[in-house]
Each structure stands twice: as structure tokens, then as C-alpha cells.
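Positions in the sequence shown are counted from 1; adding 538 to them yields the numbering used here.
Think of the CB as a built atom: it goes at the ideal place given N, C-alpha and C, for glycine as much as any other residue.
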Amino acid sequence: MAYTLGQIAAKEAAVQPTEPIQEIRERLSKAGSVVVLTGAGISAESGVPTFRGADGLWKNFRAEDLATPEAFARDPRLVWEWYNWRRELIATTQPNPGHQAIAEMEARHERFLLITQNVDGLHRSAGSRKLLEIHGNIWLVRCTACGLVEENRDVPIALPPSCRACRGLLRPHIVWFGEALDEKTLDQCMGALASCDVLLIVGTSGVVYPAASFAPIAKAAGAFVAELNLDPTPQSPLVDVSIRGRAGHLLPQLLQEGAAPDRQP
Ligand code: BJW
Ligand code: ZN
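Have a look at this one:
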């Protein structure tokens, strides 16, 4: 994580107004349709490193060396070694109260969609089912020859991994830079964003497209848009309410009907 717990507590105590939490709570309670968009920040409290920022995943690796189809074509072993390192790390993690609060939101709202950019699978582990993993899933592999997609939970995965159907080279079933997102998945996102009453954006820097366009799309369609993040983002000026703090602290507060918000982390 980019901050010590002491620094985070100081940030939250210094600037955390109670009203915006209450406003989001009220909007949620009246909403017919809710969409939640999450990024790496929601899993940070589970111990999964984020991508950007001081302790981000890219710090020791150049993105273009690892998360592009060109990088994989050039050196599949290097890319797989990075994924093996991440699979090993993620395998030891558990969902945190932020993931759990979103699963609870799904249970409370008939029309609900969780859109996550995360590939770690922690939302599903927390119980979320109305879920689109728009950048893929680290526990799925895809054959570069025949396209077969399969679950593979080996840690580490034996290198080079090959397809049991055609012996072709397997790759992570993850959307890399320059690759298109699944069209049907993106259509589902757009449909939900165009008709939701509330869009809640949690723990994403909001710089990677197309997810970076979701807030303006929902806003233009008339939704109330709220952001929960440790830091301001380029999306902060566009949204109706932007709250600084830890997802694992703020999200459970949104579920406390009628209760005074808890100011402690
Ligand atoms: C907390 C917290 C706590 C921390 N509580 N908060 C110029 C303009 C427009 C687009 C482009 C452009 N140049 C290039 C593009 C396209 C490109 C793109 O957007 N690039 C930008 C960088 C500019 N996009 C693409 O290539 C996408 N595809 C595409 O556009 O296709 C078009 C196409 C059409 C037709 C044919 C061909 C192509 C694909 C994007 C795929 C992104 N993939 C990655 C990596 C996958 C590898 C892997 O995971 O193994 O997905 S990039 C990486 O970033 C990962 C993430 O899902 C994604 C988003 O990151 P996220 O989640 O926001 O994390 P961070 O670290 O950035 O932020 C964490 C946040 O949490 C911070 O704000 C913290 O403050 C906060 N935080 N702790 C609350 N406890
Ligand atoms: Zn195959």
C-alpha cells in the first residue's frame, strides 16, 4: 500500500465529512438501479498491490514490457513469470470488508451490476454474482492457437504452459493494453450505465479506457455519480460526490441504514 495506516487515519480524520456519506446512502436507498465500478484500490487492503502510485505494480516493471500482446510475443516466459509472481501473491489473499459490502449491496438491490477492472477474483470470493470482470481474470488461461478458455489455479503454473486440446501456447485470459475488451461485456456495461440511478466508483485512478469513460457516460445519462478513493483522481471534478478514504472503511458505512457515520478507520 502507498500509505501507512497512521497516514491514512490522519487523512480520513482530517477531511472526512459525514454529509457526503449520508447523501450516497440516501441515493442508494432510493435507487432503482445501481452500478458499482471498482479498481485495484479495493483490493489494496487485502494485500494486492495497485498498479500506479508509490507502491504500484508498475514501479519495478515497465507496463509495455509485460502487459501488451507485443511483450508476450517477444518474451512469453518473462510475462508468465510476472503472472506467476502475482498468482502466488493473490492466492494468499482474502476479500476485505469493502468487497463484502459490495456483495451485500447486490443482495439489497434488484437491479445491480458490479463492473470490476480487477483480475484477482476477490469480488467473486466475497459473494458478488452480478459481476463483469472487464479486464479478465488471473485464474483463467486462453490458448493462443485455438482460443480455448479454461480455469487454471496452479501456483506456479508450469512454464511454458500448453493447451490440453491442441498443445498451443497458453496466455493469461486478461485484457492487455491495445487489446479490445469483449464486445458483449462492454455492451452490458454501457446498457447498465445508461439506465442506472447511482454509479459508485471505488479505488480506481480513472485513467485507463474504456473504464475511464464510464463516469461521464453515467453522468450524461442522469445518474448520481459518487467516488470513493484514498486520493483525488482526474474523475473527481466530474462526479457529484468524491470522498477520500479507504474502501474497506467507507463501503461498510454505506450499508449502515440511519446510523451516524463512524469516523474511525
Ligand atoms: C484506494 C485504496 C484504498 C489505493 N481504498 N482507494 C489515450 C486516450 C484514450 C485511450 C488510450 C490512449 N492511449 C492508449 C489508450 C488505450 C488504453 C488506455 O486507456 N491507456 C491509458 C493508460 C491512457 N486502453 C486500452 O488499451 C484498453 N483497450 C482499448 O482501449 O481497446 C481499444 C481497441 C478497440 C478495438 C481494437 C483494439 C483496441 C485495454 C486496457 C486494458 C488494461 N489492462 C490493465 C492491465 C492488465 C494486466 C494485469 O492486470 O495483469 O488493467 S492496465 C491496469 O490498469 C489494469 C487495471 O485494471 C487498470 C486500471 O487500474 P486501476 O484499477 O485504476 O488501478 P490504479 O493502480 O491505477 O489505481 C488504484 C487507485 O486506488 C488509486 O487511485 C488509489 O488512490 C486508490 N486506492 N488504495 C480506496 N484502500
Ligand atoms: Zn488450444
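- Annotation: R691 to W620 spans about 15 Å, alpha carbon to alpha carbon.
- Sequence-distant Cβ neighbours of T682 in its own chain, meaning closer than 6 Å and more than five residues away, are G706, L707, R709.
- Boundaries around H711 are those of the beta strand (DSSP E), 708 to 712, since no alpha helix (DSSP H) includes it.
- With a 10 Å radius around the Cβ and a threshold of 16 neighbouring Cβ atoms, F715 comes out exposed.
- In the same chain as G585, and ignoring 5 residues on each side of it, the C-beta atoms closer than 7 Å to its own belong to T631, in chain order.
- Counting along the chain, A639 sits inside the alpha helix (DSSP H) bounded by residues 635 to 646.
- For T723, the enclosing alpha helix (DSSP H) has its first and last residue at 721 to 733.
- DSSP, reduced to helix, strand and coil, places E557 within a helical segment of the structure shown.
- In the displayed model, G716 falls within coil according to three-state DSSP, outside both helix and strand.
- Using a Cβ-Cβ distance cut-off of 8 Å, the region 576 to 583 and the region 651 to 658 are in contact, since at least three pairs of beta carbons, one from each stretch, lie closer than that value.
- Secondary structure of F752 (DSSP, three-state): helix.
- Taking 8 Å as the cut-off, the Cβ atoms of V777 and A753 count as close.
- Using a cutoff of 7 Å, the CB of P748 counts as near ligand 1, since one of the ligand's heavy atoms is closer than that.
- Exclusion of L652 from the 7 Å shell around ligand 1 follows from its C-beta lying no nearer than that to any non-hydrogen atom of the ligand.
- Take the alpha-carbon of Y747 and the one of D603: they are about 19 Å apart.
- Exclusion of the five residues before and after V693 leaves R625, E626, A629 as the residues of its chain whose Cβ lies within less than 7 Å of its Cβ.
- In this structure, ligand 1 has a non-hydrogen atom nearer than 7 Å to the beta-carbon of Q655.
- For L660, the enclosing alpha helix (DSSP H) has its first and last residue at 660 to 664.
- Annotation for V763: L737, A753, A756, K757, V777, D778 place their beta carbon closer than 6 Å to its own, counting only its chain and skipping 5 residues before and after.
- The alpha-carbon of L616 is positioned some 42 Å away from that of R649.
- CA-CA distance, S743 to A601, rounds to 16 Å.
- Just so you know, the alpha carbons of I562 and L792 end up roughly 7 Å apart.
- Contact between L660 and P633 is confirmed by a C-beta separation of about 5 Å, below the 8 Å threshold.
- In the DSSP assignment, R612 falls within the alpha helix (DSSP H) that extends over 607 to 612.
- From the listed residues S700, K668, A718, the smallest Cα separation to V679 is found for S700.
- Annotation: L792 is outside any beta strand (DSSP E); the continuous alpha helix (DSSP H) that includes it extends over 785 to 792.
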